[in-house]
Structures are given as structure tokens and as C-alpha cells.
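Participant: Our numbering applies: residue 11 is where the sequence shown begins, and numbers increase by one. The beta carbon of each residue, even a glycine, is placed where N, CA and C say it ideally should be. Here you go, one structure.
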Amino acid sequence: MVTTRIPTTPFSDQRPGTSGLRKKVTVFQQPRYVENFIQSIFDNVEGAQGSTLVIGGDGRYFNDAVVQIAIRMAAAHGFGRVLVGQGGLLSTPAASCVIRKHKAIGGLVLSASHNPGGPDGDFGIKFNMSHGGPAPESFTEAVFKRASAITEYRIVDAPDIDLSRIGPTKVGEMTVEVIDPVADYAELMEQLVDFGKIADLFRSGFRMRFDALSAITGPYAKAILEGRLGAPAGTVVNGEPKPDFGGHHPDPNPVHAHDLMELMLGPDAPDFGAASDGDGDRNMIVARGLFVTPSDSLAILASHAHLAPGYAKGLAGVARSMPTSRAADRVAKKLGINFFETPTGWKFFANLLDAGLITLCGEESAGTGSNHIREKDGLWAVLLWLNILAVTRKPADQIVREHWAAFGRDYYTRHDYEELETAPANELMDALRKKLPALPGQRFGSLTVQSCDDFAYTDPVDQSVTPKQGIRILFEEDARAVFRLSGTGTSGATLRVYLERFEPDTDRHDLPTADVLAPVVQAANEIAEIAARTGRDEPSVIT
Ligand code: VG1
Ligand code: CO
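Below is the structure:
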């Protein structure tokens, strides 16, 4: 087999963001763009010779072409074996599971997650390390550095692999094994949650809808919920992964999963509703008549996890990303376990999980996970909820209300201002940063600023410091506003404003979220001068 060294010149925009490199498909389709980035990753993988590499993606447009390129480049780089999901598919959590189980050196996960797909949509490439989790900043920065100075990439001349057929094929010295994308993952789930009890629940007439949003989780949810747990056929809807996700945002939130929301808030709602995102690592949980915020879901899972076999011994600790509501903190305190607050992005949880400091972690953006892998895991969260419902036999909304009664309720919303021009968005953040020293004590409407800062994180395990991870403003009235710019968008800048207010009084747990948070929204808008600086009166998306 002939390895060819192809001369190339760098692209200046290959710096990975919150979760890998994400760009428009048309950007990735430029000649040498994919190859440059993959070579830059491989050049930073230590010990690649003879090792196992996992490759798979969420099936979006361009997935199949990039899988073939990656296989040919892996052979040229000296990997011994590639494990690739059938059809080039692997959900992000399944990729993490496969990397760990088969002791791979890492994995290429092809996805732009919740971003839209199709020829005019987005594509993405991320690298996961041997622990199964996203590469840390030190690695992604090294990749960027390499990509900025790359002069050649290596590739073998070989025909495309038939990805539809499970089994091994040789590409030069390297073996490519096409694997069932669901099997290893399903086996892991069975060790963590009580399949027998959940099957009993379905047998008792319990009904749910799982909306896969035409993305990767369809095959996983069908195999596990309908295949293994006996949920009636039709429980999983939009279960066929499509290259353009049927034209929708595969983002499981009340806005983009509106069909599910409508069903769950309507008169014919089943007992439980759930959805997942493009690459299967996010989850949305809806009780009958009640959307469960991801922040609440994390807290509820933390306080009930011991009901599932995988967590029966209790939790070592819980971590949440900084903008996630403080609901999980209260659970950790009550349980007397570790608690950590990390920057946005799953990569910051890996060290805590590896060191055994935490067992569960989550983000406000619908990501929840545990130490079973090193990624957030959409279907796992749904299964853990089902386990809890199966053991308690309580309706999901009752579980939520009882949680609020015990711990208080954190009203929570996020305002996203999408596709802003980059310069004014950066200026808004800079201006806000400059204001911080003068803010404490100032009053905005009915709220008074208690403290504020620009969040910097010191990793408790390796002591690495990550500055500028979002500006947080705490009000004396137990409210909080957080501002940060998205690191996953592909056009212009997206400003995310996270707003919350704590309400301990049970009599005030059934108020409309928008009403409770109106003063916080107003204060946040005023402090950051959002309308004046962005020219927007309204956010693009409110979740
Ligand atoms: C967003 C979310 C963040 C999440 C990241 C990747 O990042 O806010 O919580 O970890 O997406 O999720 P940002 O930088 O745009 O706010 V996924 O499911 O898109 O891989
Ligand atoms: Co995702």
C-alpha cells in the first residue's frame, strides 16, 4: 500500500472551540481542509503506532466522506486498528464507551452536535482521548498550533471501505473493523440501570415518547427502549437519522423540540417525554405538563441516583458548569459529597471523573452524565429517569415538585442572541468586564448587585488555569445573571445570557418562569447594554 505525502498550506481558522472544530460544511469541503485538521490531530497523538483508533459520527451530511478520508489517513499514520460504527455512525456517548471498552488511544467524532446539518448546515470534528472524553485545551491548542503551520499530510491510496457490512477489512497493515454502533453501549447501560424494573414499568401501561429529532439517537433508543425494555413500537419518533435532520435543529429544548412539548403539555400527554440532540449527548426531559430544566434534572438525578444499580453505593460528588443553576449544589450539600463548578464544556469534567472526585455532572444546555463514560449522555439520562420512575412509581412531575419542596426552586431561563456581528459582541463583553469593579452595591430595578466576577477555573487535579469563562453577577435577592459568548457557533457571535432566581417558598413554585425572572432579565439587559450594543430588542431563542 502506497503512502503519499501531500504538500499543503495551513488554514488560519482551525482552532477548536467548546467542543471540537465546527464550521459550515462548505468550509470543511475546501480542498485539504479536513486532511489538514486530521493530520494536525494525529501529529499530537502520542503512541499512535499500532494502537486502536475509534471513528464515527452523527450521520450528518459529509459524515461518510470524512470517515473514508480519516480511515486512509489513519492507515498512513501507522494506527494498528480502526473501529468504526456501521454506516460510519457512532453517537458521541457510544464513541466514548467504545474508546474505553476497547482501550483505544482515542477517537475521531464527526459531529456539529445540535447545529443544523445538510449541505448548507454545519459539520464538525472533535478528538477524544484514551479516557473517552473530549481533548483538553492543552491538546486542542497544540492541534491548532500544528494546523497553523502544517506543510504536508499523509494518506494511503485505498478504495473506500464498505461501511454497511460488520466485520474486519485490511487497509495496508491496518485492520478496519466495522462494529455494531449500539451493542457496546447497550451492554453498558444494562450494568447501570435496572432494565428489569423499567420493563415492568412499561408492562404496567406506562407510556412515553422519545423524539430522536431525526438524529443519531434513533437507532440507540429503538434498540434499547423498544427492543430491550418492551416499550410499545412507536415510542421512539423521528428515529431514522437523516443527513439534514429533516431540516430541523437537532437541539432538544422546548423551542426546537416543539412537537414533543406540545404533546406533553396537551390533554393526551403520555407519562414521560424525552429527546436527544444531533450526536446523542444531550437530553431533554418533560414530565406530563411540565418541562424539567436540565439544571433541575441534574439535581434530581443526583438526589435519586442511588435507586439505580450503577449508583447504589452513592455518589462521590457532583459537578456542574458555571452557568448551570445552583440546584445541584444544594443536593451535594445535603448529601455531604464533593461539589465542583467548572467552565462550560464537557472537557472540564474529565479530570474530576478520572480522579474519582465526582460521579455525576451536568450542564444547563441539556447535558448530563456520569463516570460511566467521559461524555455527556442523552439516552443514559433518560434511562436513569426511567429507573427512578420505575422504583418510586411516582409521576415525573411529582418527583420534580417534591424536589422543589425539599430544596427550593431555581427558576431558570437562557436568552441567546445569535449571529451577532463579532466585533460588537466582543465589545459588549469587554465593556462589561470593565464595569465589574463598580457594580457591587448598585441597584437595577428591584435588584442590588452583591458580587460579580469574570469566572476563572483552576482545575483541582492538574492545577491548570482557564480564565475568562463567563461573567457572573450575583444579586442580593438570590438571583444571578451570567454572560458568555458561545464557542460552538459557526457564523458571527452568539451571546448567551443565563438568568436564574431561587425561590424557597413552596407557595411560589407554580409561577410563570418569565414573570419571576423579568426583573433579572431587565437588570441583565441594563447592565450589559444589550439592546444598545447589539441592536436587538429580543433574544433569538429563549429556552
Ligand atoms: C454549547 C453549550 C455547552 C456544551 C457545548 C457542546 O457550548 O453551551 O454547555 O457543552 O455546546 O454541546 P457554547 O460554547 O456554544 O455555549 V454539544 O451537545 O453541541 O457537543
Ligand atoms: Co451534542
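Tell me which residues share the same chain as A309 and place their Cβ nearer than 6 angstroms to its Cβ, disregarding the 5 neighbours each side in the sequence.
Facilitator: Here residue 309 refers to the residue found at position 299 when the sequence shown is read from its first residue. Excluding residues within five positions, the ones whose Cβ falls inside 6 angstroms are A337, A338 and V341.
Participant: What is the rounded straight-line gap between the Cα of S305 and the Cα of K155?
Facilitator: Counting from 1 along the sequence shown, the entry for residue 305 is found at position 295. Counting from 1 along the sequence shown, the entry for residue 155 is found at position 145. In a straight line, the C-alpha of S305 is about 36 angstroms away from that of K155.
Participant: Rounded to the nearest angstrom, how far is the Cβ of G320 from that of Q201, given a contact under 8 angstroms?
Facilitator: Taking the sequence shown and counting its residues from 1, the one referred to as residue 320 is at position 310. Taking the sequence shown and counting its residues from 1, the one referred to as residue 201 is at position 191. At roughly 6 angstroms, the Cβ-Cβ gap stays under 8 angstroms, so G320 and Q201 are in contact.
Participant: In whole angstroms, what is the alpha-carbon distance linking P26 and T402?
Facilitator: Locating residue 26 in the sequence shown gives position 16, where the first residue counts as 1. Locating residue 402 in the sequence shown gives position 392, where the first residue counts as 1. Rounded to whole angstroms, P26 to T402 spans 43 angstroms at the Cα level.
Participant: Counting C-beta neighbours from all protein chains within 10 Å, is the total for K444 16 or more, i.e. buried, or is it exposed?
Facilitator: As a first step, residue 444 is located in the sequence shown; it is residue number 434 there, counting from the start. Burial call: exposed.
Participant: With a threshold of 7 angstroms, establish whether the CB of W356 neighbours any heavy atom of ligand 1.
Facilitator: Sequence index remark: in the sequence shown, residue 356 carries index 346 (1-based). Result yes, Cβ under 7 angstroms from ligand 1.
Participant: Specify, as a first and last residue, the run of the alpha helix (DSSP H) that N535 falls within.
Facilitator: Counting from 1 along the sequence shown, the entry for residue 535 is found at position 525. Start and end: T523 to A538.
Participant: V181 lies in the alpha helix (DSSP H); which residues open and close that run?
Facilitator: Your numbering for residue 181 matches position 171 in the sequence shown. Not the alpha helix (DSSP H): V181 falls in the beta strand (DSSP E), residues G177 to V181.
Participant: What is the DSSP secondary structure of V265, reduced to helix, strand or coil?
Facilitator: Sequence index remark: in the sequence shown, residue 265 carries index 255 (1-based). V265 falls in the coil class under three-state DSSP.
Participant: Cβ of G131 within 7 angstroms of any heavy atom in ligand 1?
Facilitator: Within the sequence shown, numbered from 1, the residue matching residue 131 stands at position 121. Checking the Cβ of G131 against ligand 1 gives no.
Participant: Taking its Cβ as the centre, do 16 or more other Cβ atoms sit within 10 Å of M11, making it buried, or is it exposed?
Facilitator: One-based indexing of the sequence shown puts residue 11 at position 1. It counts as exposed.
Participant: Please classify A241 as buried or exposed, where buried requires at least 16 other C-beta atoms within 10 Å of its C-beta.
Facilitator: In the sequence shown, residue 241 corresponds to position 231, counting from 1. Per the 10 Å Cβ criterion, buried.
Participant: How far does the beta strand (DSSP E) with T13 in it extend, from its first residue to its last?
Facilitator: Looking up residue 13 in the sequence shown gives position 3. Taken as a continuous stretch (DSSP letters only), the beta strand (DSSP E) holding T13 covers T13 to P17.
Participant: How far does the beta strand (DSSP E) with G388 in it reach, from first residue to last?
Facilitator: For this step, residue 388 is matched to residue 378 along the sequence shown. No beta strand (DSSP E) holds G388; the alpha helix (DSSP H) holding it covers G388 to T402.
Participant: Taking DSSP as the reference, what is the three-state secondary structure of R110?
Facilitator: Position 100 of the sequence shown, counted from the start, is the residue given in the question as residue 110. It is helical.
Participant: Please confirm whether any heavy atom of ligand 2 lies closer than 7 angstroms to the CB of T102.
Facilitator: Working through the sequence shown from its first residue, we reach residue 102 at position 92. Under cutoff, so the answer is yes.
Participant: Which of the three DSSP states is assigned to E428 in this structure?
Facilitator: Translated into positions along the sequence shown, residue 428 becomes position 418. Here E428 sits in strand by DSSP.
Participant: Find the nearest neighbour of L173 within the set V76, T62 and L345, judged by alpha-carbon distance.
Facilitator: Residue numbering aside, residue 173 sits at position 163 when the sequence shown is read from its first letter. Closest by alpha carbon: V76.
Participant: Could you check if R15 is buried or exposed, using at least 16 other CB atoms within 10 Å of its CB as the buried criterion?
Facilitator: Here the question's residue 15 lines up with position 5 in the sequence shown. So R15 ends up on the exposed side.
Participant: Can you give me the start and stop residues for the beta strand (DSSP E) that E548 sits inside?
Facilitator: Position 538 of the sequence shown, counted from the start, is the residue given in the question as residue 548. That residue, E548, is in no beta strand (DSSP E); it is neither H nor E in DSSP.
Participant: Check M139 in the structure and name its three-state DSSP category.
Facilitator: The sequence position of residue 139 within the sequence shown is 129, counting from 1. Note: M139 maps to coil in three-state DSSP.
Participant: Could you tell me the alpha carbon to alpha carbon distance between G499 and R32, rounded to whole angstroms?
Facilitator: In the sequence shown, residue 499 corresponds to position 489, counting from 1. In the sequence shown, residue 32 corresponds to position 22, counting from 1. About 7 angstroms.
Participant: In whole angstroms, give me the CA-to-CA distance for T432 and R546.
Facilitator: For the purposes of this step, residue 432 is identified with residue 422 of the sequence shown, where counting begins at 1. For the purposes of this step, residue 546 is identified with residue 536 of the sequence shown, where counting begins at 1. Each residue's alpha carbon lies about 14 angstroms from the other.
Participant: Could you pull out every residue in the same chain whose Cβ sits closer than 7 angstroms to the Cβ of S550, ignoring the five residues on either side in sequence?
Facilitator: Position 540 of the sequence shown, counted from the first residue, corresponds to residue 550. Correct list, in chain order: D426, Y427 and E428.
Participant: Taking only three categories from DSSP, how would you classify E510?
Facilitator: Indexing the sequence shown from 1 puts residue 510 at position 500. Strand at E510.
Participant: Does the Cβ-Cβ distance between S29 and P144 come in under 8 angstroms?
Facilitator: Numbered from 1 along the sequence shown, position 19 holds the residue referred to as residue 29. Numbered from 1 along the sequence shown, position 134 holds the residue referred to as residue 144. Yes. Within cutoff.
Participant: Comparing the CB of D287 with every heavy atom of ligand 2, is any distance shorter than 7 angstroms?
Facilitator: Locating residue 287 in the sequence shown gives position 277, where the first residue counts as 1. It does: the Cβ of D287 is within 7 angstroms (strictly closer) of some heavy atom of ligand 2.
Participant: Please work out which residues of its chain come closer than 8 angstroms, Cβ to Cβ, to F149, disregarding the five sequence neighbours upstream and downstream, and give them in chain order.
Facilitator: As a first step, residue 149 is located in the sequence shown; it is residue number 139 there, counting from the start. Cβ neighbours of F149 beyond the five flanking positions: N54, F137 and M139.
Participant: Buried or exposed for D287, going by 16 or more other Cβ atoms inside 10 Å?
Facilitator: Against the sequence shown, residue 287 aligns to sequence position 277. When all chains shown are included, D287 counts as buried.
Participant: Compare the Cα-Cα distances from D190 to each of R175, G134, L317 and D204 and report the closest residue.
Facilitator: If you number the sequence shown from 1, residue 190 lands on position 180. Considering only alpha carbons, the answer is R175.
Participant: Cα-Cα, which of S22, V37 and T18 is closest to S501?
Facilitator: Here residue 501 refers to the residue found at position 491 when the sequence shown is read from its first residue. Per the Cα distances, V37.
Participant: Are the Cβ atoms of M332 and G283 separated by less than 8 angstroms?
Facilitator: Within the sequence shown, residue 332 is the residue found at index 322, counting from 1. Within the sequence shown, residue 283 is the residue found at index 273, counting from 1. No, Cβ-Cβ distance for M332 and G283 is not below 8 angstroms.
Participant: Check whether the Cβ of H124 lies closer than 7 angstroms to any heavy atom of ligand 2, and answer yes or no.
Facilitator: The count along the sequence shown starts at 1 and reaches residue 124 at position 114. Within the cutoff, so yes.
Participant: Considering only DSSP beta bridges, list what S461 is partnered with.
Facilitator: What you label residue 461 is simply residue 451 of the sequence shown in a count that begins at 1. For S461, which the question treats as bridged, DSSP gives the partners L484.
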